[in-house]
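Novice: Have a look at this one.
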Amino acid sequence: MKTNIFLKSTLIIGLITLIVGCGQNGNNGSGALGSSIAEKVYVAPGERDEQYAFLSGGYSGNLTVYGLPSGRLFKEIPVFSQFPTSGYGYSEETKPMLNTSFGFIPWDDLHHPDISQTNGELDGRWIFANGNNTPRIARISLTTFETEEIIEVPNSAGNHSSSFITENTEYVVAGTRFAVPVPQQDMPINEYKANFKGALTFIAVDQEHGHMDIKFQLLMPGFNYDLSHPGRGKSHGWFFFSTYNTEEANTLLEVNASQNDKDFIAAINWKKIEEFVNNGGGTKMAANYAHNVYDESTHMATSTMKKEVLTVNPMDVPGAIYFLPTPKSPHGCDVDPNGEYIIGAGKLSANITVHSFDKMLAAIEAEKFDGDAYGIPILNYDDVLAGSVQSGGLGPLHTEFDGRGNAYTTFFISSEVVKWKLDTWEVVDRKPTYYSVGHLMIPGGNSRKPHGKYLVAMNKITKDRYLPTGPEMEHSAQIYDISGEKMELLYDFPTHGEPHYAAGADAELIMNNSKKIYRLDENNHPYGIKNPGEARIERKGKEVHIYMSSIRSHFTPDNIEGIKVGDKVYFHITNHEQDFDVPHGFAMIGQGTSEILIMPGQTKTSLWEPKQVGVWPFYCTDFCSALHQEMQGYIRVSPANSNIELSWSLDE
Amino acid sequence: MKTFKLLTAALLTLLVCACSNTSQTGSDASSNDAQSSHPQGQASVVDDVSDPNILQVAISSEPHSTLVAAVQAAQIEHVLVNAGPLTVFAPVNEAFDALPEGTLENLLKPENKGDLATILTRHAAPGSYDIEVLKREAQKGRKLYMATGDYLEVTIEGGNVSVGGARIVASVPASNGIIHVIEQVILP
């Protein structure tokens with residue numbers, strides 16, 4: 001029934017727009033092809049895009065890299081999911097990246113990428129992303145465009161209000177969506193209320209290497225923590241989290257979590273809590289969570305299980321945590337570039353609520369509270385309210401900024417982007433996206449200094465936007481030019497998986513740091529070889545280690561005998577190219593894993609467990625050269641009890 | 001697919017026409033700009049991190065200035081930066097000087113670009129043949145397949161390796177293959 005209403009409204013809005021659109025065309029007179037819109041997104045062959053956009057892949061578990069304004073897909077970066085294209089999660093070196101306290105988890109639901117910042121401005125060092133399902137935070141290098149680190153978040157479930165960073169990348173923050181028993185225990189579900197906890201986790205980031213370490217976990221009341229953003233400028237040192245289900249319902253949340261007129265935005269003075277724990281505060285709790293780090297020098301990941309986490313009870317740090325009443329299950333929790341306004345998008349509301357940081361401080365100073373929730377003071381809605389945007393839309397979700405005093409909010413139910421003015425709350429423009437928009441992204445739009453030329457709206461629905469491809473369509477994204485007074489829809493393009501959020505930056509910030517090759521003389525892989533002359537094979541019982549070289553256009557060795565059924569054969573392949581964009585691949589017949597793609601100067605390992613006697617080929621999977629098709633080899637597999645000696649050769 | 005391409009072409013044509021109607025500078029100017037920014041494809045990639053490729057090695061080698069000039073005149077730079085791999089037998093300047101008088105000047109004329117390209121291409125073998133592999137060619141009696149389709153004989157005399165009668169005096173590895181410096185031009 002609901003769907004029908006939505007469909008009808010969409011249809012009506014669509015029809016209205018069509019009519020309006022025709023009218024505009026009539027006035028314009030030159031037609032779409034005569035307009036300058038196509039030129040605005042056309043990036044001629046050999047030219048480059050102005051900006052990078054990193055779109056979350058949602059249930060693909062990965063991150064996709066696009067160019068703006070062309071909407072061209074440059075790369076899919078594997079983060080939480082195995083990725084046969086590169087062998088991520090399949091190669092021996094990268095399997096540890098997906099280790100968790102639940103064992104090897106080959107998938108996750110990647111939601112909210114956020115680029116590292118210095119002084120509140122994007123610095124282009126790393127991009128962080130959260131795994132929603134099995135709570136994890138990943139750090140991806142913007143030099144190699146590879147996932148370098150994944151840390152599991154204990155005491156969390158549905159890691160949704162993540163992975164947002166403070167303005168000097170001091171912390172990447174991970175808030176739980178689902179409250180759970182902390183520590184986990186066998187207990188009746190209906191005893192949720194007052195017993196389950198919502199952990200907000202502050203993960204410290206080492207500034208030199210980016211390495212992550214949980215500094216503390218704040219064990220909040222058992223609400224659902226939805227999204228979050230850091231304070232910036234004057235509000236730096238605070239973090240704001242939207243909550244819903246302050247009712248603490250544990251069933252049919254669709255109804256039961258919508259009972260309260262207002263939920264909260266939790267304002268957390270993390271500097272105060274940091275000081276508390278630095279002075280020995282907090283309680284160490286037994287835990288079990290994985291910390292996986294990829295070392296660029298050894299080209300290998302290691303996984304370490306950590307056994308302890310420092311927890312903080314909100315009651316132990318008075319004056320650090322307050323609740324700001326915010327209508328109707330707020331989703332987006334966004335802070336304007338100056339750090340004054342905290343914007344709550346009540347997703348069941350028509351209006352957007354804007355809180356004032358200054359007013360919040362004044363109310364705290366005056367101790368004007370409207371009761372408390374589990375001992376945490378609740379401020380008066382009217383005392384902290386800066387204004388309310390009478391949007392005329394329905395279902396506000398998420399807001400970003402252009403740095404020119406404007407905010408842009410998506411509306412899911414009314415399928416539109418609404419531009420409004422900070423300070424006056426006046427709506428100045430609105431554009432239909434037609435297809436149920438979720439998040440939007442302005443490059444740098446959640447920093448002190450937005451690069452506000454384009455806006456990307458990420459729609460949840462595609463339907464007839466492209467040529468049909470069966471029941472499931474890739475989601476549609478739309479690029480708007482926001483440089484003028486009115487937004488202008490330029491283009492739409494398909495995305496991969498389900499983008500929940502995105503981050504973007506000017507190309508100059510990132511492109512010059514992009515790595516071209518790994519230097520062979522810096523390759524410290526224990527099974528790497530410095531040149532093809534070192535190629536060899538070693539047997540240790542049933543384990544066979546093949547130290548193999550690949551360079552255009554052959555493997556060394558390429559004829560191997562003496563392998564037996566039941567062996568575990570490890571191909572350690574070093575790519576001896578020192579030439580940008582010349583990877584080699586490797587695949588072996590009947591291998592229960594994916595190919596591996598080895599970058600120049602890199603060593604990767606692929607496991608093969610031969611089960612059948614015979615002579616079996618392997619080959620390079622990447623069209624590396626004119627003689628790529630000649631890049632192959634054979635392995636003779638003998639019976640388990642064979643006496644054939646191990647031997648190997650090339651062109652003998 | 002063909003229909004789609006035709007449609008795209010038609011649309012692009014329309015677009016260009018439309019642009020030239022509305023734009024003062026016209027579409028020709030902008031498409032020239034696009035071309036000039038990357039005039040040589042892979043040959044113009046700025047990369048000071050990778051090992052130098054065959055073209056870059058040749059350009060940086062003073063004794064091969066004639067060869068480089070000939071490559072540029074024949075407009076085959078792309079071949080020497082291609083993923084290859086290629087083995088290039090690179091005659092030194094003196095080798096070109098030793099050609100009959102007027103030969104080089106004649107080949108460098110624009111109308112003889114094709115002939116020049118053929119002669120230069122006869123100096124390149126697909127594949128990466130370092131000196132050890134070349135010796136094996138001689139020992140195993142394998143002939144070297146050149147990019148023009150010719151087969152050249154590899155011989156060893158007193159420790160010197162020659163290809164098509166031209167003696168190799170030095171070898172320089174490159175990111176996309178290898179260069180063997182030779183003392184004479186390999187003519188058919």
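From first to last, the protein sequence lines stand for chains W and U.
With the UniProt record's numbering applied, the first sequence corresponds to residues 1 to 652, in that order.
With the UniProt record's numbering applied, the second sequence corresponds to residues 1 to 188, in that order.
We put the beta carbon where it would ideally sit given N, CA and C, even for glycine.
Every value quoted in this text rests on a predicted model; they were computed, and no experiment measured them.
Quick one: what does DSSP say Tyr634/W is sitting in, helix, strand or coil?
Specialist: Correct three-state label for Tyr634/W: strand.
Novice: Ordered along the chain, which non-local residues of its own chain (more than five positions away) have a Cβ less than 6 Å from that of Ala125/U?
Specialist: If we look at Ala125/U and ignore the five residues flanking it on each side, its Cβ neighbours are Thr87, Leu144 and Met146.
Novice: For Val154/U, would you say it is in contact with chain W, using Cβ-to-Cβ distances shorter than 8 Å as the test?
Specialist: Taking Cβ atoms only, chain W never reaches closer than 8 Å to Val154/U, which makes this a no.
Novice: Please report the residue range of the beta strand (DSSP E) in which Val293/W lies.
Specialist: Here the beta strand (DSSP E) through Val293/W covers Thr283 to Asp295.
Novice: Identify whether Leu520/W lies in helix, strand or coil by the three-state DSSP scheme.
Specialist: In this structure, Leu520/W counts as helix in the three-state DSSP scheme.
Novice: Along the alpha helix (DSSP H) that carries Glu94/U, what are the first and last residues, could you check?
Specialist: Counting along the chain, the alpha helix (DSSP H) containing Glu94/U begins and ends at Asn93 to Asp97.
Novice: Taking Ser553/W as the query, report the chain B residues whose CB atoms sit under 8 Å from its CB, ordered along the chain.
Specialist: Among the protein chains of the structure shown, namely W and U, there is no chain B.
Novice: So, at 7 Å on beta carbons, what are the nonlocal neighbours of Glu93/W in its own chain, with the 5 sequence-adjacent residues on each side left out?
Specialist: Cβ within range, chain order: His299, Met300, Ala301, Lys604 and Thr605.
Novice: Return the bridge partner residues of Cys333/W from the DSSP annotation.
Specialist: Its beta-bridge partners are Gly344/W.
Novice: At a Cβ cut of 7 Å, what residues of the region 515–526 of chain W count as close to chain U, listed as they run along the chain?
Specialist: Flagged, chain order: Lys516 and Ile517.
Novice: If I measure Cβ to Cβ from Arg636/W and keep anything under 6 Å in the same chain, skipping five residues before and after, which residues do I get?
Specialist: Same-chain partners within the cutoff: Glu561 and Val615.
Novice: For the region 575–594 of chain W, which residues have a CB atom closer than 8 Å to at least one CB atom of chain U, in sequence order?
Specialist: Of all residues in the region 575–594 of chain W, Glu577, Gln578, Asp579, Phe580 and Val582 have a Cβ within less than 8 Å of some Cβ in chain U.
Novice: Might you give, ordered along the chain, the residues of its own chain that have their beta carbon closer than 7 Å to the beta carbon of Ile156/U, omitting 5 neighbours on each side?
Specialist: Only Lys135 and Ala138 meet the Cβ criterion.
Novice: Identify the continuous beta strand (DSSP E) that holds Arg536/W and give its terminal residues.
Specialist: First-last of the beta strand (DSSP E) with Arg536/W: Arg536 to Lys540.
Novice: Pick out the complete alpha helix (DSSP H) segments inside the region 174–222 of chain W, 4 residues or longer, and give them in chain order.
Specialist: With a minimum length of 4 residues, no continuous alpha helix (DSSP H) run stays inside the region 174–222 of chain W.
Novice: Could you give the DSSP three-state label for Gln51/W: helix, strand or coil?
Specialist: Residue state, collapsed to three classes: strand.
Novice: Can you name the residues that DSSP bridges to Gly614/W?
Specialist: For Gly614/W, which the question treats as bridged, DSSP gives the partners Val637/W.
Novice: Is the CB-CB distance between Val79/W and Asn99/W below 8 Å?
Specialist: Contact: no.
Novice: Whole angstroms is fine: what's the gap from Ala373/W's alpha carbon to Asn459/W's?
Specialist: Each residue's alpha carbon lies about 36 Å from the other.
Novice: Return no unless some Cβ of chain U is closer than 8 Å to the Cβ of residue 663/W.
Specialist: Residue 663/W is absent from the model: chain W starts at 1 and stops at 652.
Novice: Indicate whether at least one CB of chain U lies closer than 8 Å to the CB of Ala626/W.
Specialist: It does: the Cβ of Ala626/W has a partner Cβ on chain U nearer than 8 Å.
Novice: Measure the C-alpha to C-alpha separation of Gln117/W and Ala53/W and round it to an integer number of angstroms.
Specialist: When rounded, the distance between both Cα atoms is 16 Å.
Novice: So, for Leu385/W: in the same chain, excluding its five sequence neighbours on each side, which residues have a beta-carbon less than 8 Å away from its beta-carbon?
Specialist: These residues qualify, in order along the chain: Thr353, Val354, His355, Ser356 and Lys359.
Novice: Rounded to whole angstroms, what is the Cα-Cα separation between Val389/W and Thr410/W?
Specialist: If I take the Cα positions, the gap works out to 13 Å.
Novice: So, at 7 Å on beta carbons, what are the nonlocal neighbours of Ile529/W in its own chain, with the 5 sequence-adjacent residues on each side left out?
Specialist: Closer than 7 Å at Cβ, skipping near neighbours: Ala535, Tyr547, Ser549 and Thr574.
Novice: Among the residues of its own chain, which have a CB less than 8 Å from the CB of Val544/W, if the five just before and after it don't count?
Specialist: Excluding residues within five positions, the ones whose Cβ falls inside 8 Å are Ile537, Glu538, Ile563, Asp567, Lys568, Val569, Tyr570 and Leu646.
Novice: Quick one: which residues of the region 42–75 of chain W get their C-beta closer than 7 Å to a C-beta of chain U? List them in chain order.
Specialist: Taking 7 Å as the Cβ-Cβ cut-off against chain U, the residues of the region 42–75 of chain W that qualify are Ala44, Pro45, Gly46 and Glu47.
Novice: Using DSSP's beta-bridge definition, name the partner residues of Leu122/W.
Specialist: Gln117/W.
Novice: Chain W partners of Ser60/U, CB-CB under 7 Å?
Specialist: Result: empty, since nearest Cβ-Cβ is about 16 Å, beyond 7 Å.
Novice: With contact counted as at least three CB pairs below 8 Å, one residue from each stretch, are the region 307–324 of chain W and the region 215–223 of chain W in contact?
Specialist: With the cut-off at 8 Å, the region 307–324 of chain W and the region 215–223 of chain W touch.
Novice: For chain W, is any of its Cβ atoms less than 8 Å away from the one on His38/U?
Specialist: Interpretation of His38/U is limited by its pLDDT of 38, a score under 50 that renders its predicted location unreliable; the figure taken from the coordinates is listed afterwards. His38/U counts as touching chain W.
Novice: Leaving out the 5 sequence neighbours to the left and right, which residues in its chain are closer than 6 Å to Ile151/W when beta-carbon positions are compared?
Specialist: Around Ile151/W: Ile137, Met212 and His291.
Novice: Tell me, please, whether the CB atom of Asn28/W is closer than 8 Å to any CB atom in chain U?
Specialist: Low per-residue confidence applies at Asn28/W: pLDDT is 42, beneath 50, and the placement is therefore not dependable enough to give any value.
Novice: What residue does the alpha helix (DSSP H) around residue 659/W start on, and which one ends it?
Specialist: Nothing can be reported for residue 659/W, as the shown portion of chain W is limited to 1 through 652.
Novice: Would you mind telling me which residues of chain U sit closer than 9 Å to Asp123/W, beta carbon to beta carbon, in chain order?
Specialist: Ordered by position in chain U, no residue passes the 9 Å Cβ test against Asp123/W, which lies about 22 Å from the chain.
Novice: Can you round the beta-carbon distance between Val71/U and Leu107/U to whole angstroms, since I take them to be within the 8 Å contact cut?
Specialist: Between Leu107/U and Val71/U the Cβ distance is about 12 Å, and since that is not below 8 Å, they are no contact.
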